[in-house]
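Quick note, the sequences are listed as chains A and B, same order.
Following our numbering, the numbering of the first sequence begins with 1 at its first residue and continues without gaps.
Following our numbering, the numbering of the second sequence begins with 437 at its first residue and continues without gaps.
What follows is a set of notes on a single structure, which appears directly below.
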Amino acid sequence: MSHKLTDGGQVMHVGTLARVEGEGAMHIEYRDGTVTDVQLRIYEPPRFYEAFLRGRAHTEPPDITARICGICPVAYQMSSCWAVEDACGVEVPEEIRLMRRLLYCGEWIESHALHVFLLHAPDFLGYDGAVEMAADHPDVVERGLRIKKAGNDLMDTVGGRSVHPVNVKVGGFYRYPTREELRAVRPRLQRALDEAVQTVKLVAGFEFPDLEQPYEYLALRAESGYPIEAGSVVTSSGGAFAVRDFTKHIEEFHVPHSNALHARLDGSPDPYVVGPLARYSLNADRLSDVAREAAREAGLGDTCRNPFRSIIVRAVELVEAYHEALRIIDGWTGSGPASVPVPPRAGEGFGASEAPRGVLFHRYVLDDEGIIRDAQIVPPTSQNQPSVEADLRTMVQSWSQLDDHALQHRCEQAIRNYDPCISCATHFLDLTVDRG
Amino acid sequence: MTVTDRSDATATERTRPTLAVWKFASCDGCQLTLLNCEDELLRLAGEVEIAYFPEATRAVVEGPYDVSLVEGSITTPEELERIQHVRQVSRRLITIGACATAGGIQALRNFGDVAEFRSIVYAHPEYLSTLSRSTPISAHVSVDFELRGCPINKRQLLEVLAASIQDRKPRIPSHSVCVECKRRGNVCVTVAHGTPCLGPVTQAGCGALCPSFDRGCYGCFGPQDTPNTVSIAHGLRELGMSEPEVVRIFRTFNAASEPFRRESERHEQGGPPAGEGEDA
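See below:
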């Protein structure tokens, strides 16, 4: 809600952001059409993961860190597995990497479908939420639920369940799904792929505010294929570095108004962006033909700098994830072992993967018995916080002629463009409370 | 947010019970379980009026609410106050998930030296506004039903919601995962492969998921009724687990539940206290 300040300024404050994962608020002050303060306030309580990972065994991070987030647990499982295996000097065979990628496809689908249909589309179609939207657009909501369910089915098949999968372990999987189990889920994935292509067309028809932001993008890039479960880091200004050098380039810092750390790239005062827009803009050439065709028909170039169009990019990534899942299933032989031994040794290891919301980095220091001595986790939403605030600043500045109601809604939408995962961002050791 | 005065609603709408979904310290996974009811969500929304659910909608219908689902544990002074409010506006309060029913994984802080922890970790301890313990909802207000699981099970959630609407007791089993394993026809991973498993002391509800994937149960549904943790801990030691490993297996997502807490503490200082085999 909005109210006037005694000095003639105005404050717009939304105490509980809706249709985002976790708890956050927005606070914007402006005077005479000039924005004087913008804060994405994350008041979600911290849960201290990095602290209590200390003293746990090197086999435990996949189960423990999954609990940072119910919407993207696989991202935490994958980044933690890579990091522990790196510390122990183990490389998993290609087949295990592929099965990880397949499980991750399920998570992208579940998470992106949730965001596109249930959290984001209502903004464009003018509803408070998907249930309200279903009264007038049952076909849209039902399609969204079908698309989402197919992703959850895939996660159930490979991971055992979709929230906090049980089948992932350091070194691989407890057991591979059988070829029969994979075959059983295939027709649903095929149908959902077709519906995902239709979804790109649907969301491309939404009305988008005209806005181009000068983002510095950061994403993984793999040797082949679209980046999902692994890769090294690239940026839109031409930067490129290995995952193990992540903390040499990315510095976390802390601001008084958020319980989540912010991050900066190479000491730059300008924010950088991770997530679907960054992934797409740095890897459009790596999309499958069907996803690239869907993107082209939706009018996306090789890069996209309009944050509101992120819903189209997510829909394109849905197509990619379904296509990739079918490709992996069709080529699956299941011949090798489901896991390789990862004997503990002292060392430091690094891992990163592309969570639905962007790059998720893990670092662990192990002692010679494999006990974790130090842990660091950098989730995507904390990296995006400065950019969310920069977007809000730009938008309030550009659209100050809108009435309060419209402007507030536009700002909430600007935050939802990022699909912020606030529970993820607030697992930190550091806790600050704005008492201002 | 849009606030709707319920007097605006039509008479038909007012006959539907109202549902509110609240979040405290948690990962959102149990709320997500509601949104993962893809086949049932729209029908459910016809049976109940979703009156407060920020993760899903901007609309807010003013309370009081017929049914409140509460996810997450109490970890800050602000949450201590907010849970009192939730209780006041809820005719029936149901906690969902390990955080809300047992303090969740964030209750691992309860076992640490918080003073030392703070001095090591915090750049700005003066800003600290967190509690030294993570506690379940029932430690603060009366709770009408506790649904276990990290995360909760979708079928069980729907059963609890249906029971609430129909004013009956939910049919949620309190026996162990072992029963589910037998029903599913799984070979016992402990007997056949010597795999450590918490199934005998863990409440059913997941469908014996882990043994179906060739791994031992790790207790994410928390202790069953009257679990014999002493006996299972003895068995875990015989299977080759060290004392610290036994401590850690009881200290995960339900670490602060009474039976698991007590058992982990028994093994904490390098070995169980005298009288191993007897209940402490």
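Beta carbons: idealized from backbone N, C-alpha and C, even for Gly.
Bear in mind the structure is a predicted one, so any value in this text is a computation, not a measurement.
1. Just to confirm before moving on: does the CB-CB distance between Leu392/A and Ala414/A stay below 7 Å?
2. Counting contacts by CB-CB distance shorter than 7 Å, is Arg100/A in contact with chain B?
3. Measure the Cβ-Cβ separation of Leu218/A and Val166/A and say whether it is below 7 Å.
4. Give the single residue among Gln592/B, Ser667/B and Glu498/B whose Cα lies nearest to the Cα of Ile530/B.
5. Closer than 8 Å by C-beta to Gly643/B: which residues in its own chain qualify, once you throw out the five before and the five after it? Chain order, please.
6. What span of residues does the alpha helix (DSSP H) with Ala536/B cover, start to end?
7. So the candidates are Gln198/A, Glu317/A and Cys72/A; which of them puts its Cα closest to the Cα of Gly465/B?
8. Shortest alpha-carbon distance to Val718/B belongs to which of Gly641/B, Ile601/B, Arg698/B and Ala669/B?
9. Leaving out five residues on either side along the sequence, give the residues of the same chain with a beta carbon under 6 Å from the beta carbon of Gly358/A.
10. Does the beta-carbon distance from Val243/A to Ala150/A come in below 7 Å?
11. Measuring only the C-alpha atoms, how far is Ala444/A from Ile312/A?
12. Excluding five sequence neighbours on each side, which residues of the same chain lie with their C-beta closer than 8 Å to the C-beta of Ser574/B?
13. Taking the alpha-carbon of Val637/B as reference, which of Ala628/B, Arg651/B and Gly658/B has the nearest alpha-carbon?
14. So which of Ile42/A, Leu318/A, His249/A and Gly171/A has the shortest CA-CA distance to Ala113/A?
15. At 9 Å on the CB atoms, spell out the chain A contacts of Pro490/B, in chain order.
16. May I ask you to report which of helix, strand or coil DSSP gives Ile329/A?
17. Locate the beta strand (DSSP E) running through Tyr488/B, then write down its first and last residues.
18. Measure the C-alpha to C-alpha separation of Gly172/A and Ser339/A and round it to an integer number of angstroms.
19. Are any of the Cβ atoms in chain B nearer than 7 Å to that of His362/A?
20. Helix, strand or coil: which one does DSSP assign to Ser700/B?
21. Count the other CB atoms, across all protein chains shown, that sit within 10 Å of the CB of Arg183/A; report buried if there are 16 or more and exposed otherwise.
22. Give the straight-line distance between the Cα atoms of Ser555/B and Pro490/B, rounded to the nearest whole angstrom.
23. Looking only at its own chain, which residues have a Cβ that is under 6 Å from the Cβ of Ile486/B, when we skip the five neighbours before and after it?
24. Please report the straight-line C-alpha distance between Arg702/B and Val35/A, rounded to a whole angstrom.
25. Tell me which same chain residues have a C-beta within less than 8 Å of the C-beta of Val342/A, skipping the five on either side of it?
26. Could one say the Cβ of Thr531/B lies closer than 7 Å to chain A's Cβ atoms, at least one of them?
27. Check whether the Cβ atoms of Ala543/B and Ala669/B lie closer than 7 Å to each other.
28. Measuring straight from C-alpha to C-alpha, what distance separates Gln10/A and Arg31/A?
29. Suppose the cutoff is 8 Å on Cβ atoms and the five residues either side in sequence are ignored; what does the same chain contact list for Tyr501/B look like?
30. Using only the alpha-carbon positions, how far apart do Thr303/A and His254/A sit?
31. With a threshold of 7 Å between beta carbons, is Gln542/B in contact with chain A?
32. Go through the region 370-436 of chain A residue by residue and report every complete run of the alpha helix (DSSP H) that reaches 4 residues or more, in order.
33. When you check each C-beta in the region 648-682 of chain B against every C-beta of chain A, which residues fall closer than 8 Å?
34. Cα separation between Phe686/B and Ser568/B?
35. Using only CA atoms, which one of Trp82/A, Arg305/A, Val163/A and Glu107/A lies nearest to Ile96/A?
36. Look at Phe649/B and Gly160/A and say whether their C-beta atoms are less than 7 Å apart.
From the atom records:
1. yes
2. no
3. no
4. Gln592/B
5. Asn589, Glu616 and Arg620
6. Ala534 to Ala538
7. Cys72/A
8. Beyond the ends of chain B as shown, which are 437 and 716, falls residue 718/B; an answer cannot be given.
9. Val274, Gly275 and Pro380
10. no
11. In the structure displayed, chain A extends from 1 to 436; residue 444/A sits before or after that span and is not available.
12. Thr531, Thr537 and Glu582
13. Gly658/B
14. Leu318/A
15. Thr16, Leu17, Ala18, Arg19, Val20 and Glu23
16. helix
17. Glu485 to Tyr488
18. 4 Å
19. no
20. helix
21. exposed
22. Below a pLDDT of 50, predicted positions are generally treated as unreliable, and Ser555/B, at 49, falls in that range; no measurement from the model is reported.
23. Leu455
24. 58 Å
25. His58, Thr59, Val84, Glu85, Cys88, Val90, Val170 and Gly171
26. no
27. no
28. 6 Å
29. Thr454, Leu455, Ala456, Ala487, Tyr488, Val525, Ser526 and Arg527
30. 31 Å
31. yes
32. 380-398, 404-416 and 422-425
33. Ser648, Phe649, Asp650, Arg651, Tyr654, Cys656 and Glu681
34. 20 Å
35. Trp82/A
36. yes
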